[in-house]
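K.L.:
Taking the numbering used here, the leading residue of the sequence shown gets 10, the next gets one more, and so forth. The following block contains the structure, expressed as structure tokens.
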Amino acid sequence: MKKRLLLFLSTLFIVLNTHAQSRVFKQVGSGISTSLHSILQDGSLVGYLTFTELEKASKDSFNYEITIMDENLNDIGKVKFRQQKLNLRSVAFEQDILCLTYIKSDILGTTAKHKISYKIAAKKGYVSFFAQFINLQGEITKTFEKKADVDLYVALKEYDAGIRPLKQDIQLKNISGVGFAAFYGDKTKKSLLTFNAAGEKISERQVKEIAATYYLHTAGDDIYLLTQKAEEYGSGYTLYGYSGTANSPTLKLPLRDKKQRTLDILGFGNDPATGKLFISGIVAGKFQENSEGNVYDIYNGAFKGIFKMDINGAHKEDVKTVYSCWADSAGNDITTKGYINSAQGHIVPRPSFRDFEGNTYFLGSRLTAKKNKGALIAGIATMPLLIPYYVMMATGAFGTYSFDDVLLMQMDKNGKISYVDSIGTEIYKRKNVAPVFQFADNCSFYSLTNPDTKTSFLIVKGEKDIIIYNVHEKKIARKIVKNNNEVKTNIYPAKDGHIIVSEYDEKEKSTRLSIEAI
């Protein structure tokens, strides 16, 4: 797939004889803004582009410039065009075609900030979904536009605060061998559109399922929508699948086990070996009321085990699920409450991913916690007096907890689970009542896979540094020290054992990309 994109890029533009090792993107003038976007195909990064809004061309239109880069940051070329106000939301690549989807409007960002101006503009203006297709010759060969049902007066007031007008933001994915799928929701409807590689609309489905959030995904020529009822821990997920040209879902899969316990998703993507959808995560038991994942609940066994799910097609019979309880671990290393003896703590599972050999990995901070039952009883008894209770809380009398090392667990292709390794990071300790773990943990995690070498890496972002861990060699490959708290750092895969380090400087409002060896 990468060779196809590189062929596309080299045919599309004159290749410049540059081998960029670092690039800086910064707003260069008043009224000129640039945003950086990844080019994705089948979930893999295959290039980058910058989208720049240049000077105003007329009363309601602007000049725009798209700069294309390959995955090693080499400039390939540019596309220039004129259009009304655009907000680029997503980019995808399929069959030598780039598809870009935007929010388009003739009033957003161009209307004077005044209540009267908003009312006048709302009477005649519009907001629409807009798609653009670029072919091998660097031409915009096809566009598609569909007006959205939006309360324009409200949208104008919220736009300057950074609130986008669509109720569900635009999502775009390539459909392997077919074209593209796009999803968005406005005031009255949720639309799922498909296009062929020539930019012609194939179908338009109206999604009837009601949820708080929707996640669009494609695997092969199947389209999936993962819905979530509420944006809080323990809320229910349901997976809907559309096979071929079916207008209604051919798969409806509530994510619960046979005991109706919640399945919390930690991994959601395509298996690197098969290209089919997989889901993995934890089996959650009952948490204390309103605790939403209190760390003491986890320590007392609120998580019952882990699961993996292989979805080989958008029908119920294509789904295969494997559940593994903690007690089924290799050598009985894990207790029924999830305590890992060899790691001397519980894992607070966060991300999960699949390697090329069919193993599913779970990554999360090590949790140790302890309650002082005597102090809790005394605290409850003295609560009406207030002062003794708050003194006990301030001194940590009720208990302690800590997050320190990052733990790695594995579920092999047969469903057997085992503890793999511990990755050292900063120690985070607190006393008193333990909070929701998502807000207490001081690390973030994600995985990278090199498809050329079929090697998986873990990225552990702590407060002081970023650790790159080689999963197959079970060792730290590299550490990147963060020197400035105002700089947000992310890492993306590149070629030949390299990574792309992205650093966004809050103060300078600039993004620096650099290629570095792992």
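Glycine residues also receive a C-beta, built at the ideal position from the N, C-alpha and C atoms. As the structure is a prediction and not an experimental result, all values here were calculated from the model.
Between the Cα of Asn-499 and those of Tyr-249, Thr-520 and Ile-75, spot the shortest distance and give me the residue it belongs to.
P.N.:
The residue given as residue 499 occupies position 490 in the sequence shown. The candidate whose alpha carbon is nearest that of Asn-499 is Thr-520.
K.L.:
So what's Tyr-305 in DSSP terms, helix, strand or just coil?
P.N.:
Residue mapping note: residue 305 aligns to position 296 of the sequence shown, counting from 1. Helix at Tyr-305.
K.L.:
Phe-138: which of Ile-343, Thr-330 and Phe-192 sits nearest, CA to CA?
P.N.:
Counting from 1 along the sequence shown, the entry for residue 138 is found at position 129. Nearest option by C-alpha distance: Phe-192.
K.L.:
Can you grab the Cα-Cα spacing for the pair Thr-409 / Ala-378, in whole Å?
P.N.:
Residue mapping note: residue 409 aligns to position 400 of the sequence shown, counting from 1. Residue mapping note: residue 378 aligns to position 369 of the sequence shown, counting from 1. Whole-angstrom Cα-Cα distance: 6 Å.
K.L.:
Closest to Ile-8 by CA distance: which of Thr-203, Lys-166 and Glu-167 is it?
P.N.:
Nothing can be reported for residue 8, as the shown portion of the chain is limited to 10 through 527.
K.L.:
Kindly confirm or deny that the segment 275 to 291 and the segment 310 to 321 touch, where touching means at least three C-beta pairs closer than 8 Å.
P.N.:
Flag = yes, the segment 275 to 291 and the segment 310 to 321 touch.
K.L.:
Considering only DSSP beta bridges, list what Pro-358 is partnered with.
P.N.:
Residue mapping note: residue 358 aligns to position 349 of the sequence shown, counting from 1. The partner list for Pro-358 (beta bridge, DSSP) reads Gly-373.
K.L.:
Closest to Tyr-332 by CA distance: which of Asp-195, Val-415, Lys-94 and Arg-265 is it?
P.N.:
For this step, residue 332 is matched to residue 323 along the sequence shown. Nearest of Asp-195, Val-415, Lys-94 and Arg-265 to Tyr-332, Cα basis: Arg-265.
K.L.:
Write down every uninterrupted run of the beta strand (DSSP E) in the segment 127 to 195 whose length is 3 residues or greater and which is fully enclosed by it, in chain order.
P.N.:
You should have 136 to 143, 149 to 156, 177 to 184 and 188 to 194.
K.L.:
Pair every Cβ in the segment 77 to 90 with every Cβ in the segment 51 to 58, then say whether three or more of these pairs are closer than 8 Å.
P.N.:
Contact between the segment 77 to 90 and the segment 51 to 58 is present, because at least three Cβ pairs lie under 8 Å.
K.L.:
Classify His-226: buried if its beta carbon has 16 or more other beta carbons within 10 angstroms, exposed otherwise.
P.N.:
As a first step, residue 226 is located in the sequence shown; it is residue number 217 there, counting from the start. Result: buried.
K.L.:
Going by the CB atoms, is the gap between Ala-164 and Leu-95 shorter than 9 Å?
P.N.:
Locating residue 95 in the sequence shown gives position 86, where the first residue counts as 1. Locating residue 164 in the sequence shown gives position 155, where the first residue counts as 1. No, the pair does not count as a contact, with Cβ atoms beyond the cut-off.
K.L.:
Kindly indicate which residue of Gly-367, Asp-413, Leu-416 and His-123 has the alpha-carbon position closest to the one of Phe-424.
P.N.:
Walking along the sequence shown from the start, residue 424 turns up at place 415. One detail in the question is off: residue 424 reads as Gly in this sequence, not Phe. Comparing Cα positions, the closest option is Gly-367.
K.L.:
Per DSSP, what kind of secondary structure is Ile-468 in: helix, strand or coil?
P.N.:
Within the sequence shown, residue 468 is the residue found at index 459, counting from 1. Three-state result, Ile-468: strand.
K.L.:
When we look at the beta-carbon of Arg-91 and count the other beta-carbons within 10 Å, is it buried (16 or more) or exposed?
P.N.:
Within the sequence shown, numbered from 1, the residue matching residue 91 stands at position 82. Exposed is the call here.
K.L.:
Taking buried to mean at least 16 other C-beta atoms within 10 Å of its own C-beta, is His-123 buried or exposed?
P.N.:
By one-based count along the sequence shown, residue 123 stands at place 114. It counts as exposed.
K.L.:
What residue from Ser-252, Gly-347, Lys-329 and Ile-524 has the CA that sits closest to Val-292's CA?
P.N.:
Here residue 292 refers to the residue found at position 283 when the sequence shown is read from its first residue. Nearest of Ser-252, Gly-347, Lys-329 and Ile-524 to Val-292, Cα basis: Gly-347.
K.L.:
Output the distance between the C-alpha atoms of Gln-419 and Asp-280, rounded to the nearest integer angstrom.
P.N.:
For this step, residue 419 is matched to residue 410 along the sequence shown. For this step, residue 280 is matched to residue 271 along the sequence shown. Approximately 15 Å between the Cα atoms of the pair.
K.L.:
Taking the Cβ atom as the reference point for each residue, do Ile-524 and Ile-485 lie within a distance shorter than 9 Å?
P.N.:
Looking up residue 524 in the sequence shown gives position 515. Looking up residue 485 in the sequence shown gives position 476. Taking 9 Å as the Cβ cut-off, Ile-524 and Ile-485 do not qualify as a contacting pair.
K.L.:
How about Ala-220 and Thr-247: are their beta carbons less than 9 Å apart?
P.N.:
In the sequence shown, residue 220 corresponds to position 211, counting from 1. In the sequence shown, residue 247 corresponds to position 238, counting from 1. Yes, the pair counts as a contact, with Cβ atoms nearer than the cut-off.
K.L.:
Buried or exposed for Asp-169, please, with buried defined as at least 16 other CB atoms from any protein chain shown within 10 angstroms of its CB.
P.N.:
As a first step, residue 169 must be located in the sequence shown, where it is residue number 160. Counting Cβ neighbours within 10 Å, Asp-169 comes out exposed, since fewer than 16 surround it.
K.L.:
What is the DSSP secondary structure of Gly-284, counted as helix, strand or coil?
P.N.:
Taking the first residue of the sequence shown as position 1, residue 284 is located at position 275. Looking at Gly-284 - three-state DSSP - the assignment turns out to be coil, as it is neither helix nor strand.
K.L.:
Take the Cβ of Gln-215 as the centre, count every other Cβ of all protein chains shown within 10 Å, and call the residue buried at 16 or more, exposed below.
P.N.:
If you number the sequence shown from 1, residue 215 lands on position 206. The residue in question, Gln-215, is exposed, as its Cβ has fewer than 16 Cβ neighbours within 10 Å.
K.L.:
From this set, Asp-158, Lys-133, Phe-412 and Ser-456, which residue's C-alpha is nearest Gly-278's C-alpha?
P.N.:
Within the sequence shown, numbered from 1, the residue matching residue 278 stands at position 269. The shortest C-alpha separation from Gly-278 is found at Ser-456.
K.L.:
Is Asp-514 near Val-496, with beta carbons less than 9 Å apart?
P.N.:
Within the sequence shown, the letter at position 505 stands for residue 514. Within the sequence shown, the letter at position 487 stands for residue 496. Their beta carbons are under 9 Å apart, which means Asp-514 touches Val-496 by this criterion.
K.L.:
Here's the rule I'm using: 16 or more other beta-carbon atoms within 10 Å means buried, otherwise exposed. How should Thr-61 be labelled?
P.N.:
Counting from one through the sequence shown, the residue named residue 61 turns up at place 52. With 16 or more other Cβ atoms within 10 Å, it is buried.
K.L.:
Beta carbon of Val-469, beta carbon of Leu-372: below 9 Å?
P.N.:
Taking the first residue of the sequence shown as position 1, residue 469 is located at position 460. Taking the first residue of the sequence shown as position 1, residue 372 is located at position 363. Yes, the pair counts as a contact, with Cβ atoms nearer than the cut-off.
K.L.:
I need the straight-line Cα distance from Lys-155 to Arg-359, nearest angstrom please.
P.N.:
Here residue 155 refers to the residue found at position 146 of the sequence shown. Here residue 359 refers to the residue found at position 350 of the sequence shown. Their backbone Cα atoms lie some 38 Å apart in a straight line.
K.L.:
What does the alpha-carbon distance come out to for the pair Ala-66 and Asp-115?
P.N.:
Looking up residue 66 in the sequence shown gives position 57. Looking up residue 115 in the sequence shown gives position 106. Cα to Cα, the separation comes out at about 13 Å.
K.L.:
For Ser-126, which residues in the same chain have their Cβ closer than 7 Å to its Cβ, ignoring the five residues on either side in sequence?
P.N.:
Residue mapping note: residue 126 aligns to position 117 of the sequence shown, counting from 1. Excluding residues within five positions, the ones whose Cβ falls inside 7 Å are Thr-120.
K.L.:
Tyr-251 and Thr-236 - do their beta-carbons sit closer together than 9 Å?
P.N.:
What you label residue 236 is simply residue 227 of the sequence shown in a count that begins at 1. What you label residue 251 is simply residue 242 of the sequence shown in a count that begins at 1. Taking 9 Å as the Cβ cut-off, Thr-236 and Tyr-251 do not qualify as a contacting pair.
K.L.:
DSSP puts Gly-245 in a beta bridge; with which residues?
P.N.:
Locating residue 245 in the sequence shown gives position 236, counting from the first residue. DSSP output for Gly-245 lists no bridge partner at all.
K.L.:
Starting from Leu-264 and walking both ways along the beta strand (DSSP E), at which residues does that stretch end?
P.N.:
Residue numbering aside, residue 264 sits at position 255 when the sequence shown is read from its first letter. No beta strand (DSSP E) contains Leu-264, which DSSP labels as neither H nor E.
K.L.:
Just checking my contact of Ile-426 with Ser-338 at CB under 8 Å: how many whole Å lie between their CB atoms?
P.N.:
Within the sequence shown, numbered from 1, the residue matching residue 426 stands at position 417. Within the sequence shown, numbered from 1, the residue matching residue 338 stands at position 329. Yes, they are in contact, since the Cβ atoms of Ile-426 and Ser-338 sit about 5 Å apart, within 8 Å.
K.L.:
Return the bridge partner residues of Gln-237 from the DSSP annotation.
P.N.:
Within the sequence shown, residue 237 is the residue found at index 228, counting from 1. Thr-222 and Tyr-246.
K.L.:
Leaving out the 5 sequence neighbours to the left and right, which residues in its chain are closer than 8 Å to Phe-102 when beta-carbon positions are compared?
P.N.:
As a working mapping, residue 102 is identified with position 93 in the sequence shown. Here the set comprises Leu-14, Phe-17, Ile-48, Leu-49, Gln-50, Val-55, Gly-56, Cys-108 and Asn-183.
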